[in-house]
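Read the structure below first, then the notes.
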Amino acid sequence: MKVAGLIGGVAWPSTLDYYRLLNEGVRRELGGLHSARCVIVSLDFACIHAAMAAGRPADARAQMETAARQARAAGAELIAILANTGHFAADDVQAAAGVPLVHVARETGDAVAAEQPGLRRLGVLATSFALDAPFFGRLLGEDAGFELVLPDAAQRRTLDAAIFGPLARGEAGRDEGLMVSTLCNALVARGAEGVVLGCSELSHARPWLRCRAPIFDATEIHARAIVREMLRA
Numbered sequence: 017m018k019v020a021g022l023i024g025g026v027a028w029p030s031t032l033d034y035y036r037l038l039n040e041g042v043r044r045e046l047g048g049l050h051s052a053r054c055v056i057v058s059l060d061f062a063c064i065h066a067a068m069a070a071g072r073p074a075d076a077r078a079q080m081e082t083a084a085r086q087a088r089a090a091g092a093e094l095i096a097i098l099a100n101t102g103h104f105a106a107d108d109v110q111a112a113a114g115v116p117l118v119h120v121a122r123e124t125g126d127a128v129a130a131e132q133p134g135l136r137r138l139g140v141l142a143t144s145f146a147l148d149a150p151f152f153g154r155l156l157g158e159d160a161g162f163e164l165v166l167p168d169a170a171q172r173r174t175l176d177a178a179i180f181g182p183l184a185r186g187e188a189g190r191d192e193g194l195m196v197s198t199l200c201n202a203l204v205a206r207g208a209e210g211v212v213l214g215c216s217e218l219s220h221a222r223p224w225l226r227c228r229a230p231i232f233d234a235t236e237i238h239a240r241a242i243v244r245e246m247l248r249a
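Be aware that the sequence shown starts at 17, since it is given in the numbering used here, and climbs by one per residue.
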């Protein structure tokens with residue numbers, strides 16, 4: 017089993033989710049008492065968010081590059097960023113680590129295409145930072161061939177307030193679930209045939225989520241792909 021280097025803490029509740037999903041995945045594949053071999057470098061989300069909010073993505077990128085080098089020095093044989101938004105720096109993080117990176121958007125596109133081969137219009141809910149970055153459009157749109165249906169400006173503000181508020185603090189509840197449901201169904205009304213939860217914090221709204229189209233949880237898809245790469249010979 018390869019050692020996975022995990023850049024976490026962005027935010028910490030999603031890092032807990034990933035750790036559980038990776039260990040469950042390894043146990044499911046190998047059985048017995050097997051668990052995931054991983055190195056977690058946990059960042060301070062307040063510092064990352066402050067840099068992004070102030071229009072200094074290079075500062076956030078530098079923090080993730082440092083984390084990648086630390087994970088590699090600790091024995092990581094592959095790298096993963098445990099946040100969709102952090103993938104704006106994926107190429108630089110992979111270069112800093114010097115090992116393969118498991119990319120959430122690429123894996124999500126592959127998984128949706130395999131599960132729903134006839135689906136063409138794909139809604140995406142994510143932070144404004146992630147939606148403004150090119151990786152969703154490139155990997156889900158151009159490479160995977162989906163026409164993306166994205167939230168409008170007001171909807172993005174609503175999402176950001178929830179993601180960087182109660183969801184990032186691990187305080188998801190019915191109100192957040194209803195909000196995410198409303199946004200999912202708004203994308204469906206505009207023609208989305210399925211909706212990607214493109215932010216790990218949105219997974220916490222799943223117990224209350226009701227959508228008229230299939231939901232694709234990028235966190236679960238990403239975790240499965242990390243396990244696959246950990247166990248690849």
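Even glycine gets a Cβ: it sits at the ideal position worked out from N, Cα and C.
Item, Value
"7 Å Cβ shell around Gln-253 - same chain, five flanking residues per side excluded", "In the structure as shown, the chain starts at 17 and stops at 249, and residue 253 therefore has no counterpart that could be examined."
"Per-residue burial, Ala-205 [other beta carbons within 10 Å of its own, 16 or more giving buried]", "exposed"
"Under the three-state DSSP convention, the category Phe-162 falls into", "coil"
"Enclosing alpha helix (DSSP H) for Phe-145 [first to last residue]", "144-148"
"Contact belief for Val-165 with Leu-138 at Cβ below 8 Å, rounded distance in angstroms", "7 Å"
"Pairwise C-alpha distance: Gly-114 and Arg-8", "Coverage of the chain is limited to positions 17 through 249, which leaves residue 8 absent and any answer about it impossible."
"Burial state of Asp-33 (16 or more Cβ within 10 Å)", "buried"
"Any 3 or more C-beta pairs closer than 8 Å across the stretch 118-133 and the stretch 219-236", "yes"
"Cβ neighbour criterion (16 or more within 10 Å) applied to Leu-49", "exposed"
"Whether Val-55 touches Ala-90 by CB criterion (8 Å)", "yes"
"Distance between beta carbons of Ala-160 and Asp-207, contact taken as under 8 Å", "The identity of residue 207 in the sequence shown is Gly, whereas the question assumes Asp. Between Ala-160 and Gly-207 the Cβ distance is about 17 Å, and since that is not below 8 Å, they are no contact."
"Best match in Arg-185, Val-196 and Ile-23 for proximity to Ala-78 [C-alpha to C-alpha]", "Ile-23"
"Ala-70 to Ala-62 span [Cα, whole Å]", "12 Å"
"Inter-stretch contact (C-beta, 8 Å, three-pair minimum) for the stretch 236-246 and the stretch 35-46", "yes"
"Ser-250 - DSSP class collapsed to helix/strand/coil", "Outside the shown range of the chain, which is 17 to 249, sits residue 250, and nothing can be said about it."
"Ser-58 - DSSP class collapsed to helix/strand/coil", "strand"
"Whether His-238 touches Leu-183 by CB criterion (8 Å)", "no"
"Close Cβ partners of Ala-76 (< 6 Å) along its chain, the five nearest in sequence each way excluded", "Ile-64, Ala-67 and Met-68"
"Ordered list of beta strand (DSSP E) runs contained in the stretch 98-141, each at least 3 residues", "137-141"
"Helix, strand or coil at Val-211 [DSSP, three-state]", "strand"
"Identity of the residues DSSP links to Ala-83 by a beta bridge", "According to DSSP, Ala-83 bridges with nothing at all."
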